[in-house]
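S.K.: Questions regarding the structure given below will be posed in turn.
In the working numbering, the protein residues as written are 1 to 202.
The following block contains the structure:
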């Protein structure tokens, strides 16, 4: 499990792709995230839970299977690109964001960015399948960041980002057209699906 509080960003230093439906990423972690790593441990990369398969100092390897490549933005990454990182939560950790599984629901794209001196609002396309679960003042995981939803229209939704989020995550350098992983809140999904099912009964 994860909390949606990004702990740092890592850099893709190598990509091994023996076939179109399998890929191994080598990610260099920041110094403060590289302590006490173990093979088999989980780290969220852009919000997607990945298993460490090999460790060499600060560099760790992750295998991406076909499902991960097709359902997330990790398949678009190139050597030199960066990823948002969060190590798995431990018992007793503060939950500063919201509980996240690291299972990506969909990929969206940034449609526009509105900026002023101290504020940044990022708009995203709203995937049709996720419309029931993206609610104003609700929350979602976006590239691994636990963020509160601002406005929601028929085709878009936005989030308002504080300077600290921009400093610590890739949202500080994201551009219009960039792809972003979404993980919807499972509790919101469970409530919406349950209510919908009950109301549908004759």
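All C-beta atoms in this analysis are idealised placements derived from N, C-alpha and C, irrespective of residue type, glycine included. All of these numbers come straight from a predicted model, not from anything done at the bench.
For residue 10, count the other beta carbons within 10 Å of its own beta carbon; 16 or more makes it buried, fewer makes it exposed. Which is it?
M.R.: Here the question's residue 10 lines up with position 10 in the chain shown. Under this definition residue 10 is a buried residue.
S.K.: Kindly give me the distance between the Cβ atoms of residue 58 and residue 99, rounded to whole angstroms, as I take these residues to be in contact under 8 Å.
M.R.: Locating residue 58 in the chain shown gives position 58, counting from the first residue. Locating residue 99 in the chain shown gives position 99, counting from the first residue. Not a contact, Cβ separation roughly 28 Å.
S.K.: Tell me where the beta strand (DSSP E) around residue 27 begins and ends.
M.R.: Position 27 of the chain shown, counting from 1, holds the residue named residue 27. That run of the beta strand (DSSP E) goes 22-28.
S.K.: With three or more beta-carbon pairs closer than 8 Å as the criterion, would you say the stretch 184-195 touches the stretch 148-158?
M.R.: Not touching, per the Cβ criterion.
S.K.: Ordered along the chain, which non-local residues of its own chain (more than five positions away) have a Cβ less than 6 Å from that of residue 23?
M.R.: For this step, residue 23 is matched to residue 23 along the chain shown. Result list for residue 23: 17, 64, in chain order.
S.K.: In the structure shown, what three-state DSSP assignment does residue 192 receive?
M.R.: Within the chain shown, the letter at position 192 stands for residue 192. Looking at residue 192 - three-state DSSP - the assignment turns out to be helix.
S.K.: Could you check what DSSP says for residue 131 in three-state terms: helix, strand or coil?
M.R.: As a working mapping, residue 131 is identified with position 131 in the chain shown. In the structure shown, residue 131 sits in a helix (DSSP, three-state: H, G or I).
S.K.: By alpha-carbon positions, which one of 172, 85, 31 ends up nearest to residue 56?
M.R.: Within the chain shown, the letter at position 56 stands for residue 56. Taking only the C-alpha atoms, the option nearest residue 56 is 31.
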